[in-house]
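Note sheet for the following structure.
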Amino acid sequence: MSEFKQTFNSSLGKKLIMALTGLFLCTFLIVHLSGNLALFKHDNGQAFNAYANFMTHFPPIRVVSYLLYLSILVHTIYAIVLTVKNRKARPVGYASATKSPTSWSSKNMGLLGSILFLFIVIHMKDFWFKYHQDDFTGKSTHVIPFKEYKTDLVTGEQLSARDLPPGDYHYAVFTEGSVETMVAKDLNQTVEIAFKQWWYVAFYVIALGALSFHLLHGFQSAFHTVGWVHRKYKPIIYFIGTWLFAVIIPLGFAAMPVVYFFCR
Amino acid sequence: MNLTLKVWRQKNAQTSGKFVTYKAESISEDMSFLEMLDVVNESLTKKGEEPIYFDHDCREGICGMCSLYINGRPHGPKRAITTCQLHMRSFKDGETITIEPWRAAAFPVLKDLAVDRSAFDRIQQAGGYVSINTGGVPDANEIAIPKVIADEAFNSATCIGCGACVAACKNASAMLFVSAKVSQLGMLPQGQPERWSRVQSMVAQMDEEGFGNCTNTGACEAECPKEISLTNIGRMNNDFFNAKLFKEEGVHDHAQ
Chain V
61 MSEFKQTFNS
71 SLGKKLIMAL
81 TGLFLCTFLI
91 VHLSGNLALF
101 KHDNGQAFNA
111 YANFMTHFPP
121 IRVVSYLLYL
131 SILVHTIYAI
141 VLTVKNRKAR
151 PVGYASATKS
161 PTSWSSKNMG
171 LLGSILFLFI
181 VIHMKDFWFK
191 YHQDDFTGKS
201 THVIPFKEYK
211 TDLVTGEQLS
221 ARDLPPGDYH
231 YAVFTEGSVE
241 TMVAKDLNQT
251 VEIAFKQWWY
261 VAFYVIALGA
271 LSFHLLHGFQ
281 SAFHTVGWVH
291 RKYKPIIYFI
301 GTWLFAVIIP
311 LGFAAMPVVY
321 FFCR
Chain W
21 MNLTLKVWRQ
31 KNAQTSGKFV
41 TYKAESISED
51 MSFLEMLDVV
61 NESLTKKGEE
71 PIYFDHDCRE
81 GICGMCSLYI
91 NGRPHGPKRA
101 ITTCQLHMRS
111 FKDGETITIE
121 PWRAAAFPVL
131 KDLAVDRSAF
141 DRIQQAGGYV
151 SINTGGVPDA
161 NEIAIPKVIA
171 DEAFNSATCI
181 GCGACVAACK
191 NASAMLFVSA
201 KVSQLGMLPQ
211 GQPERWSRVQ
221 SMVAQMDEEG
231 FGNCTNTGAC
241 EAECPKEISL
251 TNIGRMNNDF
261 FNAKLFKEEG
271 VHDHAQ
């Protein structure tokens, strides 16, 4: 045991923990973005609400979600521990500003990470906590109202989408003849309300800009830290880190508040 | 050339230092940076003042003794050279040049611009060697080594241990130095017996000396006078985790 403790307490071990938690968070982003693409569907939020229910009630995903919360905390705590150690390694700074040619993002991972942590706290408070609030308080009145969708299973067409009056509901899907009825928590409405405030949209766009720069350095740096620097794979890692994680994913996420603000 | 120098002056490790401004007059642009300091020191000596203390030895870029953080860059504004190879033509007439010592907790200032880099020696002694049995002289090229491996090991071996990587790193990390030393031996057949204990011992010593952690920023690689590549750090990480997680050898379990 003590040998493993030694390994993970060493400078490289702490960086390994940063890299592995960081890469795990990266994989989560792919899942989160692909699921949230349901927001772009014009179906009064049916697909999105069904997806939100699946993500919060399917047991394997719940297990992974707790791993995810843990990863966020560990990544943050280790970042602080490492930063404190790094500051101690240079108690007297330089008078002249450094002119070494380095990327901006690599020098500002702490700042970018702090923005992202603040964002995650606010994001989870406004969506995750609101969604789960009934479970915590145990009250029968719901913070987020329920919605009822009726779909024609033959044509696949949505027949109606109705806001349900306050009351005690549970997620349910049932079929009568060729009509499928779905009752679900209307998280989509929470999204709509949030993304109608300009400052909220602005905050999201800034945070996702920070995400872009954080991952532009972070993704490839994580592979470097775990020691995967083979010249055959390095260009692939750089390509994925730049185009998927620093461009497509932040743009996809940023499009959600922007589209909801201007088009819904 | 006439220049203004802002030089860090510090009596010894115990006292706190400060910047002192000097004029460097009638400097030839063909002088090296150290020769320019020699001229300044000569005039200081003549005035009865204490000359500026700085490290230097071979003055041809191979010993790793000279240092100096010049205008925000270790070894000055040029790439892939040491301060002794830096010529005054790299500066403009009338320019103000700020000269500081390497800044790191593990490199305490001895006096003025000279720092104590014995932390590097201790890291090297912790595992930077290979064990060879004495006996008959082996034939040359008895051990075949692929050219790519030989080249890469040689590139890593060009590290002169000047400490510019530590000076340039925003975290004062010594990982470029340590990884070069780990790589140069770990890649070659002769370095295999100690390979897995070496990386553990040298990293342990590096941590003990109080160097910072690597953020893969790449300032070290950009400032290294010998252009040691950042790939070495990745290679060291790979060897370190391999050794820690999958090998029998522990720290200081060297071959007998």
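Listed in order, the protein sequences are those of chains V and W. Last residue of the first sequence: number 324 in the numbering used here, and the count goes up by one each step with no gaps. Last residue of the second sequence: number 276 in the numbering used here, and the count goes up by one each step with no gaps. Every residue, glycine too, gets a C-beta built ideally from N, C-alpha and C.
Environment of Ile117/W [buried if 16+ CB atoms lie within 10 Å]: buried
Where does His202/V sit, in a helix, a strand or coil, going by DSSP? coil
State the start and end residues of the unbroken beta strand (DSSP E) segment that holds Ser220/V. 218–223
Rounded to a whole number of angstroms, what is the C-alpha to C-alpha distance between Ser193/W and Gly82/V? 21 Å
Nearest candidate by alpha-carbon position, reference His76/W, set Arg93/W, Lys267/W, Ser63/W, Leu57/W: Leu57/W
Kindly list the residues whose CB is nearer than 8 Å to the CB of Ile182/V, restricted to its own chain and excluding five residues on each side of it in sequence; keep chain order. Phe263
Leaving out the 5 sequence neighbours to the left and right, which residues in its chain are closer than 8 Å to Tyr138/V when beta-carbon positions are compared? Lys74, Ile77, Met78, Thr81
Can you check whether the C-beta of Ser272/V is within less than 8 Å of a C-beta belonging to chain W? no
Which residues in the same chain as Arg255/W place their Cβ atom closer than 7 Å to its Cβ, once the five residues preceding and following it in sequence are excluded? Ser199, Ser203
The alpha helix (DSSP H) that contains Arg29/W, what's its start and end? Here Arg29/W belongs to no alpha helix (DSSP H); instead the beta strand (DSSP E) covers 23–29.
Give me the DSSP bridge partner(s) of Met242/V. Tyr209/V, Val233/V
Measuring CA to CA, which of Tyr191/V, Ala270/V, Phe88/V, Ile296/V is closest to Leu128/V? Phe88/V
Output yes if chain W places a C-beta closer than 8 Å to the C-beta of Gly153/V; else output no. yes
Mind listing which residues of the segment 80–108 of chain W have their C-beta closer than 7 Å to chain V's C-betas, in chain order? Tyr89, Asn91, Gly92, Arg93
Residue-level contact to chain W via CB, His284/V, 8 Å cutoff: yes
Can you check which of these residues, Ile204/V, Ile140/V, Met316/V, Ser71/V, is closest to Asn113/V by C-alpha distance? Ile204/V
With distances taken from CA atoms, which of Asp194/V, Tyr229/V, Lys294/V is nearest Lys207/V? Tyr229/V
Mapping DSSP to helix, strand and coil, what is Glu162/W? coil
Are there 16 or more other CB atoms within 10 angstroms of the CB of Gln276/W, so buried, or fewer, so exposed? Only weak support is given to the placement of Gln276/W: the predicted model assigns it a pLDDT of 47, under 50, and the value that follows is read from those uncertain coordinates. So Gln276/W counts as exposed.
Which residues in chain V have a C-beta closer than 8 Å to the C-beta of Glu243/W? List them in chain order. Ser160
Using a Cβ-Cβ cut-off of 8 Å, state whether Thr118/W counts as contacting chain A. In the displayed structure, chain A is absent; the protein chains listed are V and W.
Please classify Thr24/W as buried or exposed, where buried requires at least 16 neighbouring CB atoms within 10 angstroms. exposed
Could you compute how far the alpha carbon of Glu217/V sits from the alpha carbon of Phe187/V? 28 Å
Helix, strand or coil, according to DSSP, for Ser62/V in the structure here? helix
Endpoints, alpha helix (DSSP H) assigned at Ala107/V: 106–117
Per the contact definition of three or more C-beta pairs closer than 8 Å, is the segment 89–99 of chain V in contact with the segment 107–126 of chain V? yes
For Phe179/V and Gly170/V, the rounded distance between their alpha carbons: 14 Å
Near-chain W residues of the segment 114–128 of chain V - C-beta to any C-beta below 9 Å: none
Going by DSSP, which residues form a beta bridge with Arg93/W? Ile90/W
Residues sharing a beta bridge with Thr116/W, DSSP: Thr24/W
Is DSSP giving Lys256/V helix, strand or coil here? coil
Do Glu269/W and Trp216/W have their C-beta atoms within less than 8 Å of each other? yes
Which residue spans inside the segment 118–151 of chain V form an unbroken alpha helix (DSSP H) run of at least 4? 119–149
Measuring alpha carbon to alpha carbon, tell me which of Lys167/V, Leu133/V, Gln66/V, Cys86/V ends up nearest Thr302/V. Cys86/V
When you compare only the Cα positions, how much space is there between Met222/W and Ser166/V? 26 Å
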